[in-house]
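Q:
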Amino acid sequence: AQSVAQPEDQVNVAEGNPLTVKCTYSVSGNPYLFWYVQYPNRGLQFLLKYITGDNLVKGSYGFEAEFNKSQTSFHLKKPSALVSDSALYFCAVRDEYTGGFKTIFGAGTRLFVKA
Amino acid sequence: DGGITQSPKYLFRKEGQNVTLSCEQNLNHDAMYWYRQDPGQGLRLIYYSQIVNDFQKGDIAEGYSVSREKKESFPLTVTSAQKNPTAFYLCASSRMTGTDYNEQFFGPGTRLTVL
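Chains as they are written, first to last, in my numbering: chain A, 3 to 117; chain B, 4 to 118.
Structure follows, in structure tokens:
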């Protein structure tokens, strides 16, 4: 069965410092991995996705994520955090065999960026 | 201006009442989804639809019903059979291109509270 784990409920980082939000996954086949961001009382916005190819994926707002097949991880990163990056981040996964149109979302990680 | 709209933004329901949440998209997407979001639990799939007049149950369909009479519209009814309906409800849509790796576009959400 598909599953996604975001091991940290909350991540705190100072503005200007690099940030990492962790995600690990479990799927039957090849994974399709996504990151979304949610601002308070809003819907989710797509940041980036990994389908195949280069393990480092670049997305919106300066975010990037690294796919690591051996560690089954897809951590979200940004070289220099902004206060405006403070939000709730969701990792999500589908797989090529059982996904269909069903996406499994992690529980979310709240990012606080302090000025 | 393309996107997904949900209405109302806030909804209050009395015990024993059915209520309907609206979701409309003008992105020409074939697939539409309803999710429920509870604190600390991520998003859980209620129903999804790939084409007009067809839809499938997600993980937590009990106490909910949907219809898909038009491509643009996918309303969700929360029935009195749903024992704990207080939550944030998100509608989403995505393209269907014969693959499973299209990202989803989300509406702004409806916050439902049972009085």
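Even for Gly, the Cβ is constructed at its ideal location relative to N, Cα and C.
Name the two residues that bound the continuous beta strand (DSSP E) containing B:I54.
A: As a first step, residue 54 of chain B is located in the second sequence; it is residue number 51 there, counting from the start. Segment L46 to I54, the beta strand (DSSP E) holding B:I54.
Q: Using a Cβ cut-off of 7 Å, which residues of the segment 24-53 of chain B contact any Cβ in chain A, in chain order?
A: So the list reads A34, G43, Q44, G45, L46, L48, Y51 and Q53, given in the order they occur along the chain.
Q: Check A:V6 in the structure and name its three-state DSSP category.
A: Translated into positions along the first sequence, residue 6 of chain A becomes position 4. DSSP places A:V6 in strand when its eight states are reduced to three.
Q: Any chance the segment 24-43 of chain B sits against the segment 63-83 of chain B, with 3 or more Cβ pairs inside 8 Å?
A: Flag = yes, the segment 24-43 of chain B and the segment 63-83 of chain B touch.
Q: Are the C-beta of A:A109 and some C-beta of chain B separated by less than 9 Å?
A: As a position in the first sequence, residue 109 of chain A is number 107, starting the count at 1. So, interface residue.
Q: Mind pulling the chain B residues with CB within less than 7 Å of A:K60?
A: Looking up residue 60 of chain A in the first sequence gives position 58. Result: empty, since nearest Cβ-Cβ is about 15 Å, beyond 7 Å.
Q: For A:H121, which residues does DSSP report across the bridge?
A: The structure shown has nothing for residue 121 of chain A, since chain A only spans 3 to 117.
Q: Rounded to whole angstroms, what's the CA-CA distance from A:K80 to B:A84? Just pull it up for me.
A: In the first sequence, residue 80 of chain A corresponds to position 78, counting from 1. In the second sequence, residue 84 of chain B corresponds to position 81, counting from 1. Between A:K80 and B:A84, the C-alpha separation is close to 45 Å.
Q: Roughly how many whole angstroms lie between the Cα atoms of A:A94 and A:G108?
A: Locating residue 94 of chain A in the first sequence gives position 92, counting from the first residue. Locating residue 108 of chain A in the first sequence gives position 106, counting from the first residue. Roughly 6 Å between the two C-alpha positions.
Q: Determine, using beta-carbon pairs with one atom in the segment 46-62 of chain B and one in the segment 7-18 of chain B, whether at least three such pairs fall under 8 Å.
A: No, they do not touch.
Q: Verify the CB distance criterion: does B:Q107 have a CB-CB separation below 9 Å to chain A?
A: Residue numbering aside, residue 107 of chain B sits at position 104 when the second sequence is read from its first letter. Yes, B:Q107 counts as interfacial toward chain A.
Q: What residues in the segment 78-98 of chain B bring their beta carbon closer than 7 Å to a beta carbon of chain A?
A: Against chain A - using a Cβ distance shorter than 7 Å - the residues of the segment 78-98 of chain B are L93.
Q: Look at the Cβ atom of A:G45, then the Cβ atom of B:I7, and state whether they are nearer than 9 Å.
A: If you number the first sequence from 1, residue 45 of chain A lands on position 43. If you number the second sequence from 1, residue 7 of chain B lands on position 4. Going by C-beta atoms, A:G45 is nearer than 9 Å to B:I7.
Q: Starting from B:S104, find everything on chain A with Cβ-Cβ shorter than 8 Å and list it in chain order.
A: By one-based count along the second sequence, residue 104 of chain B stands at place 101. For the record, residue 104 of chain B in the displayed sequence is Tyr; it is not Ser. Chain A residues near B:Y104: Y34, K51, I53 and R96.
Q: Going along chain A, which residues have a C-beta under 9 Å from B:P111?
A: Mapped onto the second sequence, residue 111 of chain B falls at position 108. N43, R44 and G45, listed in chain order.
Q: Suppose you measure from the CA of A:P42 to the CA of A:A89; what does that come to, to the nearest Å?
A: Numbered from its first residue, the first sequence carries residue 42 of chain A at position 40. Numbered from its first residue, the first sequence carries residue 89 of chain A at position 87. Spanning the two alpha carbons is a distance of roughly 7 Å.
Q: Considering only C-alpha positions, which residue in the set A:G31, A:T111 and A:V115 is nearest to A:W37?
A: As a first step, residue 37 of chain A is located in the first sequence; it is residue number 35 there, counting from the start. If we check each option's Cα against that of A:W37, A:T111 comes out closest.
Q: Taking the beta carbon of B:A95 as the centre, do at least 16 other beta carbons fall within 10 Å, making it buried, or is it exposed?
A: For this step, residue 95 of chain B is matched to residue 92 along the second sequence. It is buried - the Cβ of B:A95 has at least 16 other Cβ atoms within 10 Å.
Q: For A:A7, tell me which candidate among A:T26, A:G18, A:P33 and A:L21 has the shortest Cα-Cα distance.
A: Residue numbering aside, residue 7 of chain A sits at position 5 when the first sequence is read from its first letter. For the residues A:T26, A:G18, A:P33 and A:L21, the minimum Cα distance to A:A7 belongs to A:T26.
Q: B:D33 lies in the beta strand (DSSP E); which residues open and close that run?
A: On the second sequence, position 30 is the one that residue 33 of chain B refers to. Unbroken run through B:D33: none, as it is neither H nor E.
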